[in-house]
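A short worksheet on the structure shown next.
Numbering (this note's numbering), first residue to last: 159 to 229.
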């Protein structure tokens, strides 16, 4: 788990955001930019949560050019 996210946001808020990201990804693959825009969060916040979720096996990623696509 990214301890920076955990300590900055708190476990409950971080968990709620993870759930929102997972819910968004249920509709199909998305880039961090798309997730950030849809959920109205900073790109860095989306990317941090996606990396954490990928590290725990809850999401997967593939690279298309210079962009990661999460699903």
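The C-beta atom is built at its ideal place from N, Cα and C for all residues, glycine as well. Every value quoted in this text rests on a predicted model; they were computed, and no experiment measured them.
Closest to residue i by CA distance: which of the options is it?
i, options, result
"residue 201", "190, 209, 185 and 175", "190"
"residue 184", "214, 225, 218 and 222", "218"
Would you say residue i and residue j are within 9 Å of each other, going by their C-beta atoms?
i, j, result
"residue 180", "residue 216", "yes"
How would you label residue i, buried or exposed, when you count the other beta carbons within 10 angstroms and need 16 or more for buried?
i, result
"residue 206", "buried"
Between the alpha carbons of residue i and residue j, how many angstroms are there, rounded?
i, j, result
"residue 159", "residue 173", "Only weak support is given to the placement of residue 159: the predicted model assigns it a pLDDT of 46, under 50, and the value that follows is read from those uncertain coordinates. Their Cα atoms are separated by approximately 11 Å."
"residue 188", "residue 228", "5 Å"
"residue 223", "residue 193", "18 Å"
"residue 178", "residue 204", "11 Å"
"residue 199", "residue 213", "21 Å"
"residue 196", "residue 221", "21 Å"
"residue 225", "residue 208", "13 Å"
Practice item. Could you pull out every unbroken beta strand (DSSP E) segment of at least 3 residues lying fully inside the stretch 190-228, listed in chain order? Key: List check, beta strand (DSSP E) in window: 219-222 and 225-228.
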